[in-house]
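In this text, residue positions in the sequence shown follow this note's numbering: the first is 329, and each later residue adds one.
In what follows, a structure is listed as structure tokens, so that the remarks can point back to it.
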Amino acid sequence: MKSIMELPENPEVYSNSKTLISLSFPFLGNDEPVERFSIKDGKFWYIGRKAFDDVLKIIKEFVFGDGYMKCFIYGTIGYGKSHILATIVWFLLRTGKRVVYLPDFHELAIDPVDYVKSALYLAYENNNYKINKIYTCKTLNEIEKFCKEESEPLYIVSSSANNRSVLCLKFLKVKQTNEKRIELYGGFDKDEMSQWWIKNDSKSPLMNDKQKEKLNISPDEIHSF
């Protein structure tokens, strides 16, 4: 995808609350999780979140090895975890990582072979030889064999609607433990909320400054954006 290389490589862009960027949804299958994303013409809007930097810092702690590590991300419904993870997927792809993104556990359960293959096609979008090997896989066992034969680490990112997302890195491990946990509770902080108003003021119901201020009482009380 040419659009991958057009994305910013500086991670600070994605954690800056002033950022508003239109991103293609990072999955090549037909089933997109529309209950968690507002997707139009295959794209969604991402507003910079400081939590992006928190997640990226955990990823950078991963050390290449012969095992795997899991990172669980918990948080408030509506916090924006799915949007942050989808953007993390693009950033990792932009920086040369192989990322297998599985955005919907329900669709994965319905047709796991085709669903995982669709995710793998994006991970190896610049390698026709690998794409052809993935295409020939007919079972989950064959897909597993393909993944195990890879010398490059695979970043497997999955997201579900039950407040828990998983970042699993096959063939990666952390020195002291094989599991990490990130908690994202509340909502936008003061800076992020301010930028949200700037970007959405014209689309919002008519409110005076006092009414808007009431919505900014505490980040913990802002869950719906």
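Idealized CB from N, CA, C, for every residue including glycine.
(request) Quickly, what does DSSP pair G406 with across the bridge? List them, please. (result) Beta bridge pairing from DSSP links G406 with no other residue.
(request) Helix, strand or coil for R377, going by three-state DSSP, please let me know. (result) R377 falls in the coil class under three-state DSSP.
(request) Determine the extent of the beta strand (DSSP E) in which Y429 is found, giving its start and end residues. (result) Its beta strand (DSSP E) spans residues 426–430.
(request) Check each candidate in K398, I405, L421 and name the one with the smallest Cα separation from E337. (result) When only C-alpha atoms are compared, the closest one is L421.
(message) According to DSSP, is V502 part of a helix, a strand, or is it coil?
(response) Only weak support exists for where V502 lies, its pLDDT of 35 falling under 50; the coordinates are left without a value.
(request) Identify, in the order they occur along the chain, each residue of the same chain with its Cβ nearer than 7 Å to the Cβ of K425, setting aside the five sequence neighbours on each side. (result) These residues qualify, in order along the chain: Y483.
(request) Starting from L450, follow the beta strand (DSSP E) in both directions and report where the run begins and ends. (result) Annotation for L450: no beta strand (DSSP E) segment contains it, though the alpha helix (DSSP H) segment containing it runs 440–451.
(request) Return the chain-ordered list of same chain residues with a C-beta closer than 7 Å to the C-beta of L335, the five sequence neighbours on each side being excluded. (result) Within the same chain, L335 has close Cβ partners W418, R422.
(request) Using alpha carbons as the reference points, say which of K378, E363, N358, T404 lies closest to S343. (result) When only C-alpha atoms are compared, the closest one is K378.
(request) Note down, in chain order, each residue of its chain lying with its Cβ closer than 6 Å to the Cβ of P339, except the 5 sequence neighbours on either side. (result) For P339, where only same-chain residues beyond five positions count, the Cβ hits under 6 Å are L384.
(message) Less than 6 Å between C-beta atoms, sequence neighbours within five positions excluded: which residues of the same chain meet that for P361?
(response) Correct list, in chain order: P431, D432.
(request) Please state if the CB of F380 and the CB of I412 are separated by a distance shorter than 7 Å. (result) Taking 7 Å as the Cβ cut-off, I412 and F380 qualify as a contacting pair.
(message) Just to check my reading of the structure: T415 and L351 have Cβ atoms closer than 8 Å, yes? What is that Cβ distance to the nearest angstrom?
(response) Going by Cβ atoms, the distance from T415 to L351 rounds to 6 Å, so yes, they are a contact pair.
(message) Suppose the cutoff is 7 Å on Cβ atoms and the five residues either side in sequence are ignored; what does the same chain contact list for A447 look like?
(response) Excluding sequence neighbours, A447 sits near F355, V428, Y429, L430.
(message) Which residue wins for smallest C-alpha separation from V341, given the options Y374, Y452, E453, S366?
(response) Looking at Y374, Y452, E453, S366, the one whose alpha-carbon comes closest to that of V341 is Y374.
(message) K445 and Y452 - do their beta-carbons sit closer together than 7 Å?
(response) If you check the CB distance, Y452 and K445 do not come in under 7 Å.
(message) Can you list, in chain order, the residues of its chain with a C-beta nearer than 7 Å to that of I367? Leave out the 5 residues immediately preceding and following it.
(response) The beta carbon of I367 is closer than 7 Å to those of F353, E360 in its chain, skipping five residues each way along the sequence.
(message) With DSSP as the reference, identify every bridge partner of K368, one or two as the case may be.
(response) According to DSSP, which records beta bridges pairwise, K368 is partnered with K371.
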